[in-house]
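Here's the structure, in structure tokens; my notes come after.
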Amino acid sequence: MIFLLIAFLFPLNSYYCIRQINIYNRCPFPVWPGIVGPGNPAGGGFRLDNEQDRKISVEDSWQGIIWGRTFCDSRMRCATGNCGNREQCNGTLGRFPFTIAEFSLDESNDKDVYSVSLINGYNIPILIEPFGGKDCQRAGGCISDINEVCPERMRITNGRRRENGNVVGADPLVMLFDLIANVVVEHSRRQIRASEATWLKHSRMRVQQPSPSNSMMLHHRSLVKMMQSIWFSFVDDFYLE
């Protein structure tokens, strides 16, 4: 299996309320996890070879993200997730494309919120596995490398030209453009169908044409959710049961 496993534990110490997050590399190549969040755990990054793992400690109410940087050279120039040509990101977010593991621990009513997001594109599968809690579920995870079946127009390669080099990730801008186009087309179709239905019902009434500006008025969070929904539907066959 190819993925970056991120396992986090519920509070180990009731007085200090410290959490441990274990990052385990199941990819057949080195991965440099990047970390951004309060306390700057592990300086914001380190290297993990295949089958290596490392634990970081965070506060019980930690809110942050973890991602994987791939195909980095000796000068820490990474093909994906690069955070400034250095091993420790020190609070600097990486450059897309990269898969994100998001954490908002103890957010409300003593509940943890965590997810795997593709808002910044995709580079490697990430699986989040909680331990020690009640009725918790894992998030993300793939049984195959999606880069191998990524549509050509979304591909980002480690070569100078798109047709050269290996595919290392999926371009989030192309994903977003396709999403907006699909949403606008579908919204317009619904508007037209609604107008036709209204015209048939009230044949003597004049129905106003749908406004293109209304089609583009989409809330940011809704757009993000729809983008992830479309992308996840594409890779649905690759997800763990």
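As numbered in mature numbering (1 follows the signal peptide of the UniProt record, and there is no 0), residues -17 to -1, 1 to 224 make up the sequence shown, in order. Heads up, the beta-carbon is just placed ideally off N, CA and C, and yes, glycines get one too.
To the nearest angstrom, how far is it from the Cα of residue i to the Cα of residue j?
i	j	result
D36	L156	32 angstroms
P21	E131	35 angstroms
P134	G152	11 angstroms
R9	D93	31 angstroms
Y105	T82	5 angstroms
D43	G148	42 angstroms
W45	I129	30 angstroms
L(-13)	V14	11 angstroms
Q120	G77	27 angstroms
I1	I39	10 angstroms
With DSSP as the reference, identify every bridge partner of residue i, one or two as the case may be.
i	result
A84	I49, V99
R37	I6
L(-13)	Y7, L110
E90	According to DSSP, which records beta bridges pairwise, E90 is partnered with nothing at all.
P16	G51
Give the secondary structure of residue i by DSSP, where H, G and I count as helix, E and B as strand, and everything else as coil.
i	result
G27	helix
I129	helix
E70	coil
R9	coil
R136	helix
P155	helix
C61	strand
F114	strand
R121	coil
C55	strand
For chain C, find out if any of its Cβ atoms is closer than 8 angstroms to the Cβ of residue i; answer yes or no.
i	result
C55	Given the protein chain composition of this structure (a single chain), no chain C is represented.
My understanding is that residue i touches residue j, with C-beta atoms under 8 angstroms, so please give their C-beta distance in whole angstroms.
i	j	result
V99	I107	Going by Cβ atoms, the distance from V99 to I107 rounds to 11 angstroms, so no, they are not a contact pair.
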